[in-house]
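**Student:**
In this note's numbering, the protein residues as written are 173 to 289.
(1) From residue 258 to residue 235, what does the alpha carbon distance come to, in whole angstroms?
(2) With a floor of 3 residues, list each beta strand (DSSP E) that falls wholly inside the segment 233-289, ordered by position along the chain.
(3) Buried or exposed, going by whether 16 or more other CB atoms sit within 10 Å of the CB of residue 269?
(4) Using the rule of at least 16 other Cβ atoms within 10 Å of the residue's Cβ for burial, across every protein chain shown, is residue 225 buried or exposed?
(5) For residue 204, name the three-state secondary structure that DSSP assigns.
(6) Relative to the C-alpha of residue 286, which residue among 274, 245, 216 and 210 is closest?
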């Protein structure tokens, strides 16, 4: 029960935008948006970006890593404020980002399988 309460608090924190500061950085980046449109990058259920197809440009891989590092830091900050874990915050964010993904974008489920939304 306490776990559900903590997740609910994390969700409220997300709704207020405290964690979503890291996620819009990805959305605002034209290189990430183009890669999503091309099916090279997608949102993962764990709250991070992932490379869908092998052979991605090294600069794109570095950009994805940078965004994921910023997300990880934001998840940690929110977890401290809400008394949850970074993994719980990341999961709630991942679910939200997948729900917001555009049709045709790639998303990764719990099994690690990529599919088009």
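All C-beta atoms, glycine included, are put in the ideal place defined by N, C-alpha and C.
**Tutor:** Let me spell this out:
(1) 21 Å
(2) 278-280 and 286-288
(3) buried
(4) exposed
(5) Residue 204 sits in a helix when the DSSP states are folded into three classes.
(6) Proximity to residue 286 across 274, 245, 216 and 210 peaks at 216, based on C-alpha coordinates.
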